[in-house]
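Novice: Sequential numbering from 22 applies to the sequence shown in our numbering. Even for Gly, the Cβ is constructed at its ideal location relative to N, Cα and C. Structure incoming, see below.
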Amino acid sequence: MSLTPPDMSRVRRLLIVKLSSIGDVVHALPVSAALGESFPHIEISWIVEEMSAPMLTGNPYLKEIIRIPVAVRQNRLSFGSIGGFAALRRELHSRHFDVALDLQGLSKSALVAWASGAKYRYGYDWLREVAPLFEARVPRRTESVHIVDQFLDVARFLGADVEPVRFPLHIPEDEDGRAVGLLETAGIREGTPFIAINPSTGGGGNKGWGADRFAQLIDAMADEPGLPLVLVGSTADEDVALAILSSARRQPVSLVGKTNLKQLSAVLKRCVLHVCGDTGSAHIAAAVGTPVVSIFGRSNPARLAPYGQGDLAVHHREQCAVPCKRFHETAPVNSKQKCLAPPPVCLTRVTVEEVLTACEQGLARSRAEV
């Protein structure tokens, strides 16, 4: 496809294709804001997996949110069946989209963009698999390092003004009230400063720092006066939370598995600091303006740290310069650079002391912003 942008004054309907995950959807939110502010005449729709859809509800720049089941990921190209994909194509065609922006860059998202029937289809420089066959590639700008800025390059290509960077993450009043109620039930009254800690493993992929080190971190934080600690996370994180509670001398409050995404967003907006691994809550917290200390393994924090907070990311990615298989005698010969350890060496090198130092910096930032 041609890389020539359309005449945006003649565009009436635009589709954003960003299906998952929670953090990635948050990263893409500023695209909707940039387009909505620059082209208020355009009706913007967003197609997303059901799991990540709460990050979009209430977004004032979206006309509609089109939800698709998580089976899209599980069945990849078939979307569960040929009939299911045909139904999706008919549904998208009925909207008469002029432009489709594929911010995922994979086969499944490119097929969704194609199924929209949009004449103009674009993706970013990282298009993979069969995606380049279905859409034009917006080239990488060397100055755009963070993924948020890279997404915004697509909006910039269409002529949108991308400054200031806005995260239209809406928290409904009723969900905010439920979050306040959960905190008060846990003994944290409205207005009380607290630190939220998410020990999540980030959905797998050897991204977890480990329950034992989070427990050590919690005990080391005991000297910080007047700052209760709150564990947050999904039901998938309940096991690691229990492991922390069973070994930490200082018992934090646990809201793990008790909040939906909107309530979690409200909790993170109220805390003075969020401490977590490479997981979605890091980006939610950054989007609502909370300082975030993030613990990274193999992922590149320059590109994927909470936006604007790369200085608070703690990592030892220098360990990734040599294949991790050197640390594992039983690793297969053809394993190359894959992270084979549970956990990887780059994560085990992150110390409690390093995270504590970053927490002190984050708390200082939080106090300065009050």
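Output yes or no for whether 9 Å exceeds the beta carbon distance between LEU203 and VAL309.
Specialist: No, Cβ-Cβ distance for LEU203 and VAL309 is not below 9 Å.
Novice: For GLY144, which beta-bridge partners are listed by DSSP?
Specialist: According to DSSP, GLY144 bridges with ASP123, ARG158.
Novice: Have a look at ASP45 and LYS39 and give me their C-alpha separation to the nearest angstrom.
Specialist: Looking at the two C-alpha atoms, the distance is approximately 8 Å.
Novice: Mind checking whether LEU318 and CYS367 have CB atoms under 9 Å apart?
Specialist: The sequence given here places Gly at residue 318; Leu does not occur at that position. Yes; because the gap between Cβ atoms is below 9 Å, this pair is in contact.
Novice: Does at least one heavy atom of the ligand NAD sit under 8 Å from the Cβ of ILE65?
Specialist: This structure simply doesn't include the ligand NAD, nor any ligand for that matter.
Novice: Short check: CB of VAL277 to CB of ASP258, under 9 Å?
Specialist: Yes, the Cβ-Cβ distance between VAL277 and ASP258 is below 9 Å.
Novice: Looking at the unbroken alpha helix (DSSP H) that takes in VAL201, where does it start and where does it end?
Specialist: Start and end: 194–206.
Novice: Could you check if PRO185 is buried or exposed, using at least 16 other CB atoms within 10 Å of its CB as the buried criterion?
Specialist: Label assigned to PRO185: exposed.
Novice: If you draw a straight line from the alpha carbon of ASP28 to that of ARG370, how long is it in whole angstroms?
Specialist: One C-alpha to the other measures close to 51 Å.
Novice: Go through the stretch 40–72 residue by residue and report every complete run of the alpha helix (DSSP H) that reaches 4 residues or more, in order.
Specialist: Listed in chain order, the complete alpha helix (DSSP H) runs (minimum 4 residues) inside the stretch 40–72 are 43–59.
Novice: Considering only C-alpha positions, which residue in the set ASP174, PRO26, GLN382, ARG88 is nearest to VAL52?
Specialist: Among ASP174, PRO26, GLN382, ARG88, the Cα nearest to that of VAL52 is on ASP174.
Novice: ARG34 by DSSP, collapsed to three states: which one?
Specialist: DSSP places ARG34 in strand when its eight states are reduced to three.
Novice: Just to confirm before moving on: does the CB-CB distance between VAL159 and SER128 stay below 9 Å?
Specialist: Taking 9 Å as the Cβ cut-off, VAL159 and SER128 do not qualify as a contacting pair.
Novice: Among PHE235, ALA107, ALA200, LEU56, which residue has its Cα nearest to the Cα of THR222?
Specialist: Of the candidates PHE235, ALA107, ALA200, LEU56, the one whose C-alpha sits nearest the C-alpha of THR222 is PHE235.
Novice: Whether or not the stretch 318–331 and the stretch 55–74 are in contact is what I'm after, with contact meaning three or more pairs of Cβ atoms, one per stretch, closer than 8 Å; do they touch?
Specialist: The answer is no - the stretch 318–331 does not touch the stretch 55–74, with fewer than three Cβ pairs under 8 Å.
Novice: Using the beta-carbon count (16 or more within 10 Å), is GLU205 buried or exposed?
Specialist: With fewer than 16 Cβ atoms within 10 Å of its Cβ, GLU205 is classed as exposed.
Novice: Using the beta-carbon count (16 or more within 10 Å), is ILE37 buried or exposed?
Specialist: With 16 or more Cβ atoms within 10 Å of its Cβ, ILE37 is classed as buried.
Novice: Tell me which same chain residues have a C-beta within less than 6 Å of the C-beta of SER268, skipping the five on either side of it?
Specialist: Here the set comprises ALA236.
Novice: State yes or no: is the C-beta of GLN340 within less than 9 Å of the C-beta of PRO365?
Specialist: Result yes, Cβ atoms of GLN340 and PRO365 sit closer than 9 Å.
Novice: When we look at the beta-carbon of GLY301 and count the other beta-carbons within 10 Å, is it buried (16 or more) or exposed?
Specialist: Under this definition GLY301 is a buried residue.
Novice: For the putative contact between VAL335 and GLU375, defined by C-beta atoms under 8 Å, what is the C-beta separation to the nearest angstrom?
Specialist: Between GLU375 and VAL335 the Cβ distance is about 5 Å, and since that is below 8 Å, they are a contact.
Novice: Let me know the secondary structure DSSP gives GLU164 once reduced to three states.
Specialist: If DSSP states are grouped into helix, strand and coil, GLU164 belongs with coil.
Novice: Relative to the C-alpha of TRP147, which candidate in GLY138, GLN125, LEU294 has its C-alpha closest?
Specialist: Ranking GLY138, GLN125, LEU294 by Cα distance to TRP147 puts GLN125 first.
Novice: Just to confirm, are THR280 and VAL253 a CB contact at a threshold of 9 Å?
Specialist: Going by C-beta atoms, THR280 is nearer than 9 Å to VAL253.
Novice: Do you know offhand how far ARG177's Cα is from SER59's?
Specialist: Answer to the nearest angstrom: the Cα atoms are 10 Å apart.
Novice: When the Cα atoms are used, what is the spatial distance from TYR143 to VAL32?
Specialist: Using only the alpha carbons, I get a separation of about 14 Å.
Novice: Would you give the residue range spanned by the alpha helix (DSSP H) that CYS380 belongs to?
Specialist: Unbroken alpha helix (DSSP H) run through CYS380: 373–390.
Novice: What number of angstroms, rounded off, separates the C-alpha of ASP233 from the C-alpha of PRO273?
Specialist: Going by the C-alpha atoms only, they are around 14 Å apart.
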